[in-house]
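Sequential numbering of the sequence shown, starting at 419, is according to our numbering. Note that beta-carbon positions come from the ideal geometry of N, C-alpha and C, so glycine has one too. Given the structure is predicted, the values throughout are model-derived calculations rather than measurements. Here is the structure we will look at.
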Amino acid sequence: MARSPAATLSLFLLPLLLGQPSPSRPQSLGTTKLRLVGPESRPEEGRLEVLHQGQWGTVCDDNFAIQEATVACRQLGFDAAVTWAHSAKYGQGKGPIWLDNVRCVGTESSLDQCGSNGWGVNDCSHSEDVGVICHPRRHRGYVSETVSNALAPQGRRLEEVRLKPILASAKKHSPVMEGAVEVNYEGHWRQVCDQGWTMNNSRVVCGMLGFPSEVPVDSHYYRKLWDLKMRDPKSRLKSLTNKNSFWIHQVTCLGTEPHIANCQVQVAPARGKLQPACPGGMHAVVSCVAGPHFRPQKAKPQRKGSQAEELRVRLRSGARLGEGRVEVLVNRQWGTVCDHRWNLISASVVCRQLGFGSAHEALFGARLGQGLGPIHLSEVRCRGYERTLSDCAALEGSQNGCQHENDAAVRCNVPNMGFQNQVRLAGGRIPEEGLLEVQVEVNGVPRWGTVCSENWGLTEAMVACRQLGLGFAIHAHKETWYWSGMQRAQEVVMSGVRCLGTELALQQCQRHGPVHCSHGDGRFLAGVSCMDSAPDLVMNTQLVQETAYLEDRPLSQLYCAHEENCLSKSADHMDWPYGYRRLLRFSTQIYNLGRTDFRPKAGRESWVWHQCHRHYHSIEVFTHYDLLTLNGSKVAEGHKASFCLEDTNCPTGLQRRYACANFGEQGVTVGCWDTYRHDIDCQWVDITDVGPGNYIFQVIVNPHYEVAESDFSNNMMQCRCKYDGHRVWLHNCQTGNSYPANAELSLEQEQRLRNNLI
419 MARSPAATLS LFLLPLLLGQ PSPSRPQSLG TTKLRLVGPE SRPEEGRLEV
469 LHQGQWGTVC DDNFAIQEAT VACRQLGFDA AVTWAHSAKY GQGKGPIWLD
519 NVRCVGTESS LDQCGSNGWG VNDCSHSEDV GVICHPRRHR GYVSETVSNA
569 LAPQGRRLEE VRLKPILASA KKHSPVMEGA VEVNYEGHWR QVCDQGWTMN
619 NSRVVCGMLG FPSEVPVDSH YYRKLWDLKM RDPKSRLKSL TNKNSFWIHQ
669 VTCLGTEPHI ANCQVQVAPA RGKLQPACPG GMHAVVSCVA GPHFRPQKAK
719 PQRKGSQAEE LRVRLRSGAR LGEGRVEVLV NRQWGTVCDH RWNLISASVV
769 CRQLGFGSAH EALFGARLGQ GLGPIHLSEV RCRGYERTLS DCAALEGSQN
819 GCQHENDAAV RCNVPNMGFQ NQVRLAGGRI PEEGLLEVQV EVNGVPRWGT
869 VCSENWGLTE AMVACRQLGL GFAIHAHKET WYWSGMQRAQ EVVMSGVRCL
919 GTELALQQCQ RHGPVHCSHG DGRFLAGVSC MDSAPDLVMN TQLVQETAYL
969 EDRPLSQLYC AHEENCLSKS ADHMDWPYGY RRLLRFSTQI YNLGRTDFRP
1019 KAGRESWVWH QCHRHYHSIE VFTHYDLLTL NGSKVAEGHK ASFCLEDTNC
1069 PTGLQRRYAC ANFGEQGVTV GCWDTYRHDI DCQWVDITDV GPGNYIFQVI
1119 VNPHYEVAES DFSNNMMQCR CKYDGHRVWL HNCQTGNSYP ANAELSLEQE
1169 QRLRNNLI
């Protein structure tokens, strides 16, 4: 990860200022690093590699089993291992084979605590390189190597910063935006002396707390309050100020640092403990400005210009607010950013532009999913004070061979709004599921209770999981009789909940005034199951546009389609098998750009066998195909039941996981796509009853939100459609995210699809 010269300098200065020696270069055995080398979109699986003596090497699969995989996965930050893979399933590595005959009990904290033949002692070849598949859920509090607060010296960490409100108005405000700066140093909270304190320091502190900017404070007023407390003989603050353990002596920041650990920090005076750490000074006071997501509703609206700037960058596929794949708008097309030279400084510019604080983490290698379409920027070089990413120096993404497996992402610092303390789960088998309990005010008194499950759906569950800090909702449970809640929270305190999906908490959603739950208490209460990652389906608009054509199909060939309700209602009254239906046909290609495979909600035992077409339906309606007037009125419709979800094609190097043959598993693997060719039954809109004119052609994937996705805004595609009674043209096709969707097809596949060859 690239660092600015100032940040690098601070790493050398900080140990000297703290009076500690610099960390030695060789790693101790307990800190041996591991990595998984495999599919870029799946950080939880791959070939297991170990860093020893500065060189990455592999692990032999001899005697390797689930307990060894469990230790490796836990060391990598995952909760547990799913399984392991032998015989170089993830390809043969290069360099040394560092470990052989690894023997773990399963309770070790790192792989080098297990027994083995010793470093480099083996009788293996790289055809025996072991692979590991971990559960994608991370440890609570997991921090990757790119987090900036890991930059403090050994044994001494500047871990956290907070503001201690002083004024009564600041104490009432949530989040706290003004107060005395306190730093968590070696596990103890210390205040920072205001001598030499600058607005650059304030900018760094506000960024860490999730705020994009800072404003000056009335230092004279705060000085009067300080002096008043110092004159009080009973003041505890007066006695604390005489202790050097109460103070951080001095902080010097440039203002571009993502974390105070990157700044020059002097804990105690250079001349030793006899000199006071803050002679004649007081605590530094900071005032921050909240971004638009966190402002009270009565706050003044932003200027139109700043809103337009915000729309030029966005985050996608993130499980939580303020994280996601970075996408930018160039020439009216959304595209991604390559991770070459991507660092915390540039990531912080994106975060502040979007109304968050500085970047908590800069992510590489499509860690939050691969994008689709152009890669607009590469080698972004920000200095840290730019207002927007477009102000930073950068190359065009096409100039240095970037692929979507290099898409950059960020996790931004966001303010602590306290919403997570107003919701909890009870009764679940794992911490990520359970009966939902919320805290609301009843007659001015906070009270815990349950949520009525009437109208409860995936959108509401998504808000609940986000509020819980658990990512995406994979299930919205309407019956929770099998989960027992807290004894004091049995009463229904919230009903009629309807969320847009963008709310930060259930308490911000629409709901009934007086609680009204027609089925009462008991088994019909809301629950959720949450997960850190989710799939994301996106339509290839270009293929739809270029494969559309008309067909007059005889009724004698439409019995199966009629049986499955794929024709307009007027077909019921025709003289079968005489006559024909006019069909607008096209091919579709649906990508999974998320971080988890797209799987049917229903298990195999619930799939419905359709004898006519001789296949199983795993989802009742997978897509909607509609023809609308220019004002949005529907004039013709179709529907696409899930004939079979499978990996029709995958990018080079990624194996197909799902195939329909022989009652196989159904789904779409991350990075792969499912193609429905124009010659498949029901792959059409029946326009027999439609007259010539200009229309809107619309496709919606996963229309009933049956399966959770990280982003539902890109599930709808619309095209302008011109029909003259004999021919049809589709043009200007766009998804909700305006991806041009460049397909990775062979020349032969492309010609077959676009020439409408059967």
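Exercise for review: Taking only heavy atoms of the ligand FAD into account, decide whether any of them is closer than 7 Å to the Cβ of cysteine 1030.
Suggested key: As for the ligand FAD, it is missing from this structure, which has no ligand bound.
Review point. Considering only residues of the same chain and omitting the five flanking positions on each side of glycine 628, which have a CB-CB separation below 7 Å?
Key: The residues are Phe774, Gly775, Asn831, Val832 and Pro833.
Practice item. Take the Cβ of asparagine 761 as the centre, count every other Cβ of all protein chains shown within 10 Å, and call the residue buried at 16 or more, exposed below. Key: buried
Exercise for review: Could you check which residue in Ser764, His934 and Thr616 has the C-alpha nearest to that of valine 381?
Suggested key: What the structure shows of the chain is the stretch from 419 to 1176, and residue 381 is not part of that stretch, so it cannot be assessed.
Review point. Considering only C-alpha positions, which residue in the set Ala686, Cys1139 and Gly533 is nearest to isoleucine 1105?
Key: Cys1139
Point to revise | DSSP three-state assignment for alanine 425, whether helix, strand or coil | key: Because the pLDDT at alanine 425 is just 40, under 50, the model does not fix this residue reliably, and the point stays unresolved.
Practice item. Report yes if the C-beta distance between glycine 758 and glutamate 797 is below 8 Å; otherwise report no. Key: Sequence inspection shows histidine at residue 758; the glycine mentioned does not correspond to that position. Closer than 8 Å, so yes.
Point to revise | C-beta atoms of histidine 974 and alanine 891 nearer than 8 Å | key: The sequence shown places serine at residue 974, rather than the histidine named in the question. No, Cβ-Cβ distance for serine 974 and alanine 891 is not below 8 Å.
Check your understanding: Do the CB positions of glycine 787 and leucine 1011 come within less than 8 Å of each other?
Key -> yes
Review point. Span of the alpha helix (DSSP H) holding leucine 655?
Key: 654–659
Point to revise | Alpha carbon of proline 514 to alpha carbon of valine 1039, nearest angstrom | key: 52 Å
Point to revise | Alpha carbon of methionine 617 to alpha carbon of alanine 826, nearest angstrom | key: Looking at the two C-alpha atoms, the distance is approximately 30 Å.
Exercise for review: Look at the alpha carbon of threonine 1047 and the alpha carbon of valine 858, and state the distance between them as a whole number of angstroms.
Suggested key: 45 Å
**Study point:** CA nearest to the CA of leucine 1001, picked from Val1103, His667, Val550 and His1122
**Key:** Closest by alpha carbon: Val1103.
Check your understanding: Within 10 angstroms of its Cβ, does histidine 606 collect 16 or more other Cβ (buried), or is it exposed?
Key -> exposed
Practice item. Assign tryptophan 1027 to one of two classes, buried (16 or more other C-beta atoms within 10 Å of its C-beta) or exposed (fewer than that). Key: With fewer than 16 other Cβ atoms within 10 Å, it is exposed.
Check your understanding: Where glutamine 493 and serine 527 are concerned, what is the direct C-alpha to C-alpha distance, given to the nearest angstrom?
Key -> Near 6 Å, if we compare the C-alpha coordinates of serine 527 and glutamine 493.
Exercise for review: May I ask which residues mark the beginning and end of the beta strand (DSSP E) holding cysteine 1139?
Suggested key: 1134–1141
Exercise for review: Thinking phenylalanine 837 and alanine 923 are a contact (beta carbons under 8 Å), I'd like their distance in whole angstroms, please.
Suggested key: 4 Å
Exercise for review: Keeping to the same chain, check which residues put their C-beta closer than 6 Å to that of asparagine 818; ignore five residues upstream and five downstream.
Suggested key: Ser796
Review point. Can you name, in chain order, every residue of its own chain whose Cβ lies under 7 Å from the Cβ of tryptophan 874, other than the five neighbours on each side?
Key: Ala894, Lys896, Val915 and Ala944
**Study point:** Reference glycine 1143; option with closest CA among Tyr1113, Gly1154, Val1125 and Asn1150
**Key:** Tyr1113
Review point. Which runs of the alpha helix (DSSP H), 4 residues or longer, sit entirely within the segment 949–1015?
Key: 959–965 and 977–981
Exercise for review: Give every residue of the same chain whose Cβ lies closer than 8 Å to the Cβ of lysine 722, excluding the five residues on either side of it in the sequence, and list them in chain order.
Suggested key: For lysine 722, the predicted model reports a pLDDT of 43, less than 50, meaning its position is unreliable; a value from the coordinates is still stated below. Result list for lysine 722: empty, nothing under 8 Å.
**Study point:** Sheet register partners of tyrosine 640 (DSSP bridge)
**Key:** For tyrosine 640, which the question treats as bridged, DSSP gives no partner whatsoever.
Practice item. Would you check if the distance between the CB atom of glutamate 878 and the CB atom of cysteine 927 is smaller than 8 Å? Key: yes
Exercise for review: Would you mind sorting glycine 375 into buried or exposed? The rule is 16 or more other CB atoms within 10 Å of its CB.
Suggested key: In the structure as shown, the chain begins at 419 and stops at 1176. Residue 375 is therefore absent and cannot be evaluated.
Practice item. Return helix, strand or coil for glutamine 1116, following the three-state DSSP convention. Key: strand
Review point. For glutamine 963, which option in Arg1075, Pro932 and Cys1137 has the closest C-alpha, if you only look at C-alpha atoms?
Key: If we check each option's Cα against that of glutamine 963, Cys1137 comes out closest.
Exercise for review: Could you name the residues that DSSP lists as bridge partners for threonine 1041?
Suggested key: Lys1058 and Val1119
Point to revise | Enclosing alpha helix (DSSP H) for glycine 628 [first to last residue] | key: It is not in any alpha helix (DSSP H) - glycine 628 carries neither H nor E in the DSSP assignment.
Check your understanding: Going by alpha carbons, who is nearest to glycine 464 out of Gln1084, Ala483 and Cys491?
Key -> Cys491
Exercise for review: In the DSSP assignment, find the beta strand (DSSP E) that holds alanine 812 and state where it starts and stops.
Suggested key: Where alanine 812 is concerned, the enclosing beta strand (DSSP E) stretches over 811–814.
Review point. How many Å lie between glutamate 546 and leucine 733 at the Cα?
Key: 40 Å
Exercise for review: Assign glycine 614 to buried or exposed, taking buried as 16 or more other Cβ atoms, counted over all protein chains shown, within 10 Å of its Cβ.
Suggested key: exposed
Exercise for review: Give the single residue among Trp866, Gly1085 and Ser902 whose Cα lies nearest to the Cα of leucine 853.
Suggested key: Ser902
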